[in-house]
Structure formats: structure tokens, C-alpha cells
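**Student:** Residue numbers (the numbering used here), protein chains in the order written: chain A, 1 to 257; chain B, 1001 to 1243. One structure, pasted below without further comment.
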């Protein structure tokens, strides 16, 4: 029993130790930029990498997500007492409140997060970050801050696109299967639309964007060793981001709904 | 001039540097020699601020680098150039962008002025015309030379080189040595080279610091190295077959 207590204590201390380092890493980024124009250029490049680079996968996931949800809701609501627009209402609300922000960001944690972590981790193990430091550049600010700002701008945009395309997928699936017409779908979606739900989705998107970019950058930045450790950091970045997303998903739902 | 005053560095319970005192003069090629694992690289990292000494001071021309505020450290670092063992060129940038990097970050030069300076630095290291190549497209020796060009892009006062000849053939190795010597003399900078290559020591060295088990075992002029009377140093030289 003592041994288990000891292990739990060690794990707790390790968690707080890591969390402290994470907070210090974020704090360390915010110093006066050496040259603002360079940071702006890097942010635009990262916006392109995150936004345009992830657009295809977001489009595919969003369309299929909406289509499959429509079919499954229809399957579960076979009753003459339930009007067909209810299906549109449920799918659009689910897309906005949960599916589009959370699923999209879980996928982005895998795609964007692992890329960020391995990029920064490789720079760490090949002494490129040391080179930045010796030059007098705030390496964490130079490497991570543009990624975080770019993520905070582009990931909410991707989530909005995902919400829109989920509904488009729902409409397409409804029409293709003959379950409901686009008019019925839109009638339901409009009837249940609350602007607050969109606001909630955006709050989620900003939170997840911050988690994905900071957690991934942190794991890349603190990589030590060689190629094997870069891979391990990349995996950790994805796993920790995903867990943090799900945890904050619950927390936000509890606090804001 | 750079001065080390009683530098100690420990990692956990293991003490790597055990009170190093040394002086590195301006306009000279100062060599730090010693076997692998005796603390040369840790000492260099302490000097450039990549590691914080457990105690002691690193003085850059009367500025106590180890006790400066972060912003002041960054100012001193603008006067430092470093050639890393693995070159540490930014692999997502071209040769030109690598050399241009510090100019872009710290100066208000126009793009044309920057290009001129990049070309000047690349000519200094005898590497003209490779501006648009990526580090992955050039050889190890070329990378070292580009690394030197990047290090001297700003008007630096101090140049640090960690094992500049590692992994190079003898001919390229000699070229790099000559390059470091000529740059040191031409720009009147304080050059510090970590090496265990005795050929480099005898070819280009002015002053030598011999590190053994984390201590400054011997320091002096290169010409005195063979007559130092220090047994450990003599054994080290004999092992390198340059006696």
C-alpha cells in the first residue's frame, strides 16, 4: 500500500513539475520580439501551414461526420410522432456544440500537433535551438509564438468551416437516402439555432487551439536526446493534447451550458 | 577578452567542472583541448550561456555574463558567433537565409545591403554562388564553412567553435583551420576552439587551455606545450602522435 502511495505521490509531483515547466515555457515566450516583421512573416507562414494545410482533412471529416450523424439520428428516431425537421435540428446542434469543434480539434491535435512537436524537437536535438539562443534570440518566442497565434486564428476558422460542412453533409445524406429533404433539414436547423451555441463552439475552438499549439510546442521544445526522443515527444504531444481537449470539453460544457 | 573565474558546473551529484580559471585574449586563436568527456563542451556551453554554471563567473570584457539580466545577456550574445559541432544550420532555410538570419533579426539593413553582406561573408569562407542551396544539398565541409559565414555575419567580437574539424577529411579540416585563423586575425576577434585535434593546435593555435577531469590542468602558449613538464598533457600529446 505504501508503495502504491509512493508511486501516486511521484506521479503527482511529476505532473506538477511538468505543468510548472509548461507554464514557464508559455511565460518565456512573451518578451519583446527582436523584429516584429519577422514574427509577422512567420505567423503568416504558420497560418498557411495550419489552415490551408489542414483544410482537406477537415473538409472530408466534416462532410462524413454530418452525413453519418444524419443517418444514425434518422435510424434512432423512426416514429410517426417525430417530425423530420427534428433530425436536422439535432444534427446541426450536435455539429455546432460538439462534433465540429471537438472532432476537428482531435484530428488537428494529431496532424498539426505532431508536426509542430517533431519540427521543434528536431531543431532541439540538432542544436538549432541552441544556435538561436547563442544569437540572442528568444527561441521559445521565435519558434512557438507564431505557431500559437496562427493556431488561435486558423483553428476557429477551420471549426466554422467544419460546422458549415457538417450540415452540408447532413443535407446531402438526407437527400441521397431519401430520409428528409434539404428544406426539412434546414427548417429544423433554423428552428433550433441559438447564436449562443455558435459562441460556445468558438470558445471551444479557441481553447482547443491554445491547447494543441502550446502542448505540442512545449513537448517539442523540451525534447532531449535523438531521433527516438523526437518521435516520443511527438506521440506525447498528441496524447496529452487529446486528453486535455477532452478534459476541457467536459469543463466548458459544465461551466457554459 | 574573456575570463573564466572559478567555474563550477554539476549535473545532479556529478561535478563536471571543478573550478576552472582561464583567460582568452582578443585577436588570438585560443584552443581548449582535452579528451572527450572531461568538460570541454560543458565549459563552452557555460561560456555562451547555454548552461548556467553552478558557481563562478564568465567575464566578457568586464561584463559579468553569468550575473546579467536576460535582456543584457541577449545584448552580449549579439556579439557572439558560434560554430556548432553539427553546424546547426537551419535546415528549412537556404544558405543565404541562414547567413542573413541575424542581419534580418538585429539590423535595419535593406534587402540589397543584406544580400551584399551575405555575399561578402560567403566569399570570406570561399563559398560564393551557393546562396540558394539548402543545407541538405551541401557537404559536411561546406556546411561548416556556411556555419562560419553565419557566425561572422554580424560584427562579432567573440567566436566559439565546438570541434570544428569533427567528421571532416584532412584537406577540408586544414581549410577550416586556416579559415578560422584568418578570420580571427582579420576581424580582431576572440576565437575559442574546442578540439582534441593536435594538428589544429600546432597549425593555428596561439594559446592553449588543457582541460582534464574538469580542471584547468595546464594553460600557456602553443610553443611551450611540448616542454610543459605536465605528465598528463604530455601523455595526451603522445597519444595524438604529434610528439
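Each residue gets a CB set at the ideal place from its N, CA and C atoms; glycine is no exception.
1. Should the region 1153–1172 of chain B be regarded as contacting the region 1075–1092 of chain B, the criterion being three or more beta carbon pairs within less than 8 angstroms?
2. Please classify residue 1038(B): is it buried, with 16 or more other beta-carbons within 10 angstroms of its beta-carbon, or exposed?
3. Can you give me the C-alpha to C-alpha distance between residue 42(A) and residue 1077(B), rounded to a whole angstrom?
4. To test your reading of the DSSP string, which unbroken beta strand (DSSP E) runs of 3 or more residues are found completely within the region 1103–1142 of chain B?
5. Would the region 3–21 of chain A and the region 115–128 of chain A be scored as touching if the rule is three or more Cβ pairs under 8 angstroms?
6. Measure the alpha-carbon distance for residue 212(A) versus residue 1220(B) and round it to whole angstroms.
7. Between which two residues does the beta strand (DSSP E) harbouring residue 220(A) extend?
8. Mind listing which residues of the region 36–69 of chain A have their C-beta closer than 7 angstroms to chain B's C-betas, in chain order?
9. Would you call residue 60(A) buried or exposed, if buried means 16 or more other Cβ atoms sit within 10 Å of its Cβ?
10. Between residue 1136(B) and the rest of its own chain, which residues show a CB-CB distance below 8 angstroms, the 5 nearest in sequence each way excluded?
11. Against chain B, does residue 126(A) count as a neighbour if the rule is that its beta carbon must be under 8 angstroms from one of theirs?
12. Closer than 7 angstroms by C-beta to residue 94(A): which residues in its own chain qualify, once you throw out the five before and the five after it? Chain order, please.
13. Out of 174(A), 45(A), 44(A), which has the shortest C-alpha to C-alpha gap to residue 72(A)?
14. Please work out which residues of its chain come closer than 7 angstroms, Cβ to Cβ, to residue 22(A), disregarding the five sequence neighbours upstream and downstream, and give them in chain order.
15. If you follow the beta strand (DSSP E) that residue 1210(B) is in, where does it begin and where does it stop?
16. By the DSSP assignment, the alpha helix (DSSP H) with residue 236(A) in it spans what residues?
17. Report the three-state DSSP secondary structure of residue 83(A) (helix, strand or coil).
18. Measure how close the beta-carbons of residue 208(A) and residue 101(A) come, nearest whole angstrom, since I'm counting them as under 8 angstroms.
19. Terminal residues of the continuous beta strand (DSSP E) containing residue 1230(B)?
20. Between the alpha carbons of residue 1128(B) and residue 1100(B), how many angstroms are there, rounded?
21. Could you name the residues of chain A that residue 1084(B) contacts, counting a contact when the two beta carbons are closer than 8 angstroms?
22. When the cut-off is 8 angstroms and only beta carbons count, does residue 134(A) lie next to chain B?
23. Tell me the rounded alpha-carbon separation between residue 993(B) and residue 1013(B).
24. Please report the distance separating the alpha-carbon of residue 89(A) from that of residue 167(A).
25. Please report the straight-line C-alpha distance between residue 201(A) and residue 141(A), rounded to a whole angstrom.
26. What are the residues in the region 1132–1151 of chain B lying within 7 angstroms of chain A by C-beta distance?
27. Nearest by alpha-carbon distance to residue 1074(B): which of 1061(B), 1015(B), 1088(B), 1106(B) is it?
28. With C-beta atoms as the reference, is residue 1024(B) less than 8 angstroms away from residue 1002(B)?
29. Given residue 84(A), which residues of its chain have a CB within under 6 angstroms of its CB, disregarding the five upstream and five downstream residues?
30. Reducing DSSP to helix, strand and coil, say where residue 1178(B) ends up.
31. Three-state secondary structure (DSSP) at residue 1009(B)?
32. Taking Cβ positions only, does residue 1048(B) come closer than 8 angstroms to chain A?
33. Taking 7 angstroms as the cut-off, is the C-beta of residue 1025(B) nearer than that to any heavy atom in the ligand FAD?
34. Just confirm the distance between the C-beta atoms of residue 150(A) and residue 29(A), as a whole number of angstroms; I'd bet it's less than 8 angstroms.
35. Quick one: which residues of the region 17–36 of chain A get their C-beta closer than 9 angstroms to a C-beta of chain B? List them in chain order.
36. Please go through the same chain and pick out, in chain order, the residues whose beta-carbon is closer than 6 angstroms to the beta-carbon of residue 1230(B), but skip the five residues on each side of it.
**Tutor:** So, from the listed chains and residues:
1. Enough Cβ pairs lie closer than 8 angstroms, so yes.
2. buried
3. 23 angstroms
4. As far as the region 1103–1142 of chain B is concerned, it has no whole beta strand (DSSP E) run of at least 3 residues.
5. no
6. 54 angstroms
7. Premise fails: residue 220(A) lies in the alpha helix (DSSP H), 195–221, not in any beta strand (DSSP E).
8. 38
9. exposed
10. 1091
11. Interface flag for residue 126(A) against chain B is set, since a Cβ pair is found closer than 8 angstroms.
12. Setting aside the 5 residues that flank it on each side, residue 94(A) is surrounded in the same chain by 69, each with a C-beta closer than 7 angstroms to its C-beta; the list follows chain order.
13. 174(A)
14. Cβ within range, chain order: 218.
15. Per DSSP, residue 1210(B) belongs to the beta strand (DSSP E) from 1207–1212.
16. 227–256
17. coil
18. So it is a contact: roughly 7 angstroms between Cβ atoms.
19. That residue, residue 1230(B), is in no beta strand (DSSP E); it is neither H nor E in DSSP.
20. 14 angstroms
21. 127, 130, 131
22. yes
23. For chain B, the structure presents residues 1001 to 1243; residue 993(B) sits outside this window and is missing.
24. 10 angstroms
25. 28 angstroms
26. none
27. 1106(B)
28. Cβ distance < 8 angstroms, so residue 1024(B) and residue 1002(B) count as in contact.
29. 180, 184
30. helix
31. strand
32. yes
33. No copy of the ligand FAD occurs in the structure displayed, which carries no ligand at all.
34. No, residue 150(A) and residue 29(A) are not in contact; Cβ-Cβ is about 14 angstroms, not under 8 angstroms.
35. 31, 32, 34, 35
36. 1218
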